[in-house]
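In what follows, a structure is listed as structure tokens, so that the remarks can point back to it.
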Amino acid sequence: MATLSAPARTEPAHAKKAAPKRGTDTPFKRRLPLLPALLFVVAVTQLPFVLTVFYSFQSWNLVRPGSRHFVGLQNYLDVFADSTFLGALLNTVVLTVICVFFSLLLGLGLAILLDRKFLGRGVVRTLLITPFLILPAAGALLWKTTMFDPTYGLLHNAIGTDVDWLSEFPLAAVMAQVVWQWTPFMMLLILAGLQSQPKDVLEAASVDGAGRWRTFTAITLPHLSRFLQLATLLGAIYIVNSFDAIFLMTQGGPGTASTNLPFYIYQRAFQGFDIGQSSAMGVIVVILTMIVATFALRLMFRTFSVQGGAK
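In this text, residue positions in the sequence shown follow numbering that gives the first Met the number 0: the first is 0, and each later residue adds one.
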């Protein structure tokens with residue numbers, strides 16, 4: 000028996016949907032909503048830096064009206080010939096290296112302790128994070144009056160000596176406060192790395208008879224290398240700009256014993272009123288920081304194996 004096929008249905012032309020045009024969603028249109036934020040960042044960061052570079056080529060002292068004139072690179076030459084600037088640079092390097100090292104070491108120890116389960120771990124973790132939540136100015140005043148006071152300080156009562164720590168050991172006193180402030184930050188980053196370890200690898204090492212020290216050096220420490228590098232980079236960027244502790248605890252003294260670059264720039268700009276040289280110092284500090292941060296980021300990108308990063 001023959002079967003008849005139904006005639007093919009044809010849709011009207013107006014019923015056909017137009018195909019979406021390609022190329023309309025360009026990268027520029029996708030990034031267009033970020034333009035206001037980008038303009039704001041440029042306005043509050045890059046424009047002041049451009050003005051700082053411009054002022055660094057000027058000889059301008061605010062207490063001498065009409066003295067502003069172009070001097071070229073003379074401010075930079077005077078800065079590198081300034082022994083106080085070189086001393087402040089050395090103090091900045093020493094302060095940053097020692098504080099980052101001890102903060103990282105203490106943060107690693109505390110993170111290992113908090114990675115284990117014990118009664119009251121949440122309370123202990125909250126208490127250990129507290130120093131990082133305190134404002135740097137409040138923390139500096141707390142250590143100055145509560146810890147280092149030669150008459151009523153806790154160190155005076157605990158050790159029983161009348162040592163004026165801020166006068167005899169100014170840079171060490173500032174380092175102690177900075178390490179106390181930034182150790183919780185290092186601890187949080189390292190603790191995140193510890194908790195991201197694959198548990199099956201640790202269990203396999205335990206079954207194979209590896210002890211705690213062998214497991215830590217062969218498995219945990221290589222796994223934490225990325226987090227340690229990230230903590231070192233971020234900690235160095237923040238600690239190199241330390242100002243509150245030095246301003247409130249030692250005022251850079253005695254003399255210039257605890258003066259670092261941010262505090263010395265503040266002195267030349269707002270106490271010496273020398274806009275030209277202070278601007279040149281600021282430009283030099285920014286360039287040195289960018290050089291160090293570039294090498295650190297390249298190393299970190301290689302460690303994290305970021306596709307398209309530095310090679």
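Ideal placement from N, C-alpha and C gives every residue a C-beta, glycine not left out.
Candidates the options, of which the one nearest residue i by Cα
i, options, result
"Val62", "Ala137, Gln194, Ile274", "Ile274"
"Val327", "Leu193, Thr231, Cys98", "Lying outside 0 to 310, the shown extent of the chain, residue 327 is not represented and no answer is given."
"Trp181", "Phe84, Asn156, Val239", "Val239"
"Leu298", "Leu260, Gln228, Ser277, Leu46", "Gln228"
"Ser66", "Arg30, Leu296, Phe272", "Phe272"
"Ser241", "Ala87, Lys28, Arg29", "Ala87"
Reduced DSSP secondary structure (H/G/I, E/B, other) of residue i
i, result
"Ser278", "helix"
"Ser224", "helix"
"Asp161", "coil"
"Asn156", "helix"
"Asp207", "coil"
"Asp273", "strand"
"Lys116", "coil"
"Ala217", "helix"
"Ile108", "Before going on, a small fix: residue 108 reads as Gly here, not Ile. Helix, per DSSP."
"Thr249", "coil"
"Tyr151", "coil"
"Leu134", "coil"
"Phe242", "coil"
"Ser166", "helix"
"Pro197", "coil"
"Gly254", "coil"
"Thr129", "helix"
"Thr25", "coil"
Short Cβ contact (8 Å threshold) for residue i with residue j
i, j, result
"Ile189", "Ala110", "yes"
"Ala139", "Leu260", "no"
"Ile283", "Val70", "no"
"Met280", "Ile264", "yes"
"Val123", "Leu107", "no"
"Trp142", "Gln176", "yes"
"Gly252", "Phe262", "no"
Test: residue i CB closer than 8 Å to a CB of chain D
i, result
"Asp148", "In the structure shown, chain D does not exist; there is a single protein chain."
- For the segment 143-151 against the segment 162-179, are there 3 or more C-beta pairs whose distance is under 8 Å? yes
- Could you tell me which uninterrupted alpha helix (DSSP H) segments, each at least 4 residues in length, are contained entirely in the segment 33-97, listed from first to last along the chain? 34-40, 46-54, 73-79
- Task: Evaluate contact between the segment 80-99 and the segment 217-236, counting only Cβ atoms and requiring at least three cross-stretch pairs below 8 Å.
- Result: yes
- Message: Quick check: the segment 127-135 against the segment 204-213, are at least 3 beta-carbon pairs closer than 8 Å?
- Response: no
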